[in-house]
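Protein chains in written order, with the working numbering: chain P, 1 to 181; chain X, 182 to 424.
Don't be surprised by glycine CBs; every beta carbon is placed ideally from N, CA and C.
A quick write-up on the structure given underneath.
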Amino acid sequence: MAHHPVLASGNFLVPNATFIAEFIAFLLILGIIARYILPRIQGPLRERQAIIAKQIEDSEEAKRKLAEAEQAFKSALTEAREEAAQIREHARAEAQRTVEELRAQAVEESARIVARGEEQLATQRGAIVRELRAEIGSLAVELSEKIVEQRLGDDARVSATVDAFIAGLEAHDNAQAGKQS
Amino acid sequence: MSTTTVAINITPGEHIEWHVFGLTLNGDTITATLIAGAIILMLGFFLRRGASARQPTKLQLAFETVTEQVENQVEGSIGIKTAPFVVPLAMALFLFIFIANLIAVVPTGHHPEYVPPPASDVNLTYALALLVIGTMHVVGIRKKGLRGYYGHLFRKPYLLIPLNIIEEVMKPITLALRLFGNIFAGTIMVALIAALPAFILWAPDILWKLFDAAIGLIQAFIFALLTVIYFSSVAPAEEGAHH
Numbered sequence: 001m002a003h004h005p006v007l008a009s010g011n012f013l014v015p016n017a018t019f020i021a022e023f024i025a026f027l028l029i030l031g032i033i034a035r036y037i038l039p040r041i042q043g044p045l046r047e048r049q050a051i052i053a054k055q056i057e058d059s060e061e062a063k064r065k066l067a068e069a070e071q072a073f074k075s076a077l078t079e080a081r082e083e084a085a086q087i088r089e090h091a092r093a094e095a096q097r098t099v100e101e102l103r104a105q106a107v108e109e110s111a112r113i114v115a116r117g118e119e120q121l122a123t124q125r126g127a128i129v130r131e132l133r134a135e136i137g138s139l140a141v142e143l144s145e146k147i148v149e150q151r152l153g154d155d156a157r158v159s160a161t162v163d164a165f166i167a168g169l170e171a172h173d174n175a176q177a178g179k180q181s
Numbered sequence: 182m183s184t185t186t187v188a189i190n191i192t193p194g195e196h197i198e199w200h201v202f203g204l205t206l207n208g209d210t211i212t213a214t215l216i217a218g219a220i221i222l223m224l225g226f227f228l229r230r231g232a233s234a235r236q237p238t239k240l241q242l243a244f245e246t247v248t249e250q251v252e253n254q255v256e257g258s259i260g261i262k263t264a265p266f267v268v269p270l271a272m273a274l275f276l277f278i279f280i281a282n283l284i285a286v287v288p289t290g291h292h293p294e295y296v297p298p299p300a301s302d303v304n305l306t307y308a309l310a311l312l313v314i315g316t317m318h319v320v321g322i323r324k325k326g327l328r329g330y331y332g333h334l335f336r337k338p339y340l341l342i343p344l345n346i347i348e349e350v351m352k353p354i355t356l357a358l359r360l361f362g363n364i365f366a367g368t369i370m371v372a373l374i375a376a377l378p379a380f381i382l383w384a385p386d387i388l389w390k391l392f393d394a395a396i397g398l399i400q401a402f403i404f405a406l407l408t409v410i411y412f413s414s415v416a417p418a419e420e421g422a423h424h
């Protein structure tokens, strides 16, 4: 092989043997690119496209899950609110009932106390009346005796005697009342 | 004041030639092709080492961008499932042509350049176009059968049959010459700019080389895109059924 810079003979649009060399050279380049280089470009490219697709899918999945969770949260909140309202309502009713119950109980209790007092009073009155009845006979007799005795004296003494008797009766009554209370 | 005539000596199609077994090889084109190929393979193998799905390197992302673009293009016009082989083909074409065109940015100062953009030699563009169109015909015949595939050329109106045939024949030639023409024009531009006085030539040179790099990118893209489009006309077997 020698370098000979010479003027191109004839038309330069007419190919020479270089054509074959160029053809083979390009076939070689094509073969190496197709076999060794392109797969190494397409491999990671596809892989990356797959990764991106996966990420998009994942993010959509996450979005869906978030929406679901929000929905669940909202429904739980609504439920909780309803439940709270229910509990409040229940408690109010319960309190109302308790108040009414206690009020009824108190009314009943007071009525009972009043009745017992009345009953006690009646019993005491009965006892006093009975006692007085028992005593009134003897007292009358005693008074009569004293009157008769006084008649035998003077009228002045008679009236004094009556006064004394009444005073004595009052004293007795007072003593009786003091014993009662 | 004497007028100076600047002799611009542009010799299009001039190559460093190697003579091997009586065959003439354009050594500069082959060298540049090998360099472009080596750069792609080096980048590719560098990428293989560091490729990971979770922590992609910058190089990996660059390759992935190209791959994704090509895959989208193939998916949109043919369907990757229908013609999975079009992806590596279009990708190799894009990467190779793009890197090969970028070689034009590097000057060697030699005349002719030691490493010109290889697409400025028809040998490369013919080879690429032949590969694409050849594969296209093979795939078409395999999918639809000889009659089914070439049948569409001979349908009514009969007046258009010659045009259909010419269109089919011209496909590889237009594909090859479009790329060649663009890149070759770039080298001519560089030669013209090089003929300017040294104190001024850097400015248009910088501008042109930036522009040329963009052209290189666009041409690589067009070549790959046309490959996908050509394949889309033959690959879908289902569509051929109701013609």
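- Taking 8 Å as the CB threshold, residue 308 of chain X lines the interface with chain P.
- Assignment of residue 347 of chain X by DSSP, reduced to helix, strand and coil, places it in the helix class.
- Counting the other CB atoms within 10 Å of its CB gives residue 330 of chain X a total of 16 or more, which places it among the buried residues.
- Between residue 404 of chain X and residue 278 of chain X, the gap from beta carbon to beta carbon is short of 8 Å.
- Residue 41 of chain P is positioned such that its CB atom lies closer than 8 Å to that of residue 228 of chain X.
- Taking 8 Å as the threshold, the shortest C-beta distance from residue 52 of chain P to chain X does not fall below it.
- For residue 196 of chain X, the enclosing beta strand (DSSP E) starts and ends at 196-201.
- When C-beta atoms of the segment 363-377 of chain X are compared with those of the segment 294-302 of chain X, three or more pairs fall below 8 Å, so the two segments count as touching.
- Interface residue (Cβ-Cβ distance to chain X less than 8 Å): residue 86 of chain P is not classified as such.
- Sequence-distant partners of residue 284 of chain X (beyond 5 residues in either direction) whose C-beta falls short of 8 Å from its own C-beta, in its chain, are 213, 216, 217, 296, 297, 298 and 299.
- Per the C-alpha coordinates, the member of X/332, X/286, X/327 and X/343 positioned closest to residue 371 of chain X is X/286.
- Residue state for residue 282 of chain X is assigned as helix, using DSSP reduced to three classes.
- As computed with DSSP, residue 207 of chain X is found in a beta bridge with X/198.
- P/176 is the residue among P/47, P/176 and P/25 whose C-alpha sits nearest the C-alpha of residue 127 of chain P.
- Contacts between residue 55 of chain P and chain X, judged by CB atoms closer than 7 Å, are missing: the closest CB pair is about 12 Å apart.
- A residue is called buried when at least 16 other Cβ atoms come within 10 angstroms of its Cβ; residue 144 of chain P does not meet this threshold and is exposed.
- Interface annotation, residue 241 of chain X: in contact with chain P, CB-CB separation under 8 Å.
- Boundaries for residue 302 of chain X: no alpha helix (DSSP H) harbours it, and the DSSP string shows neither H nor E there.
- Here residue 245 of chain X is not near residue 27 of chain P, since their CB atoms are 8 Å or more apart.
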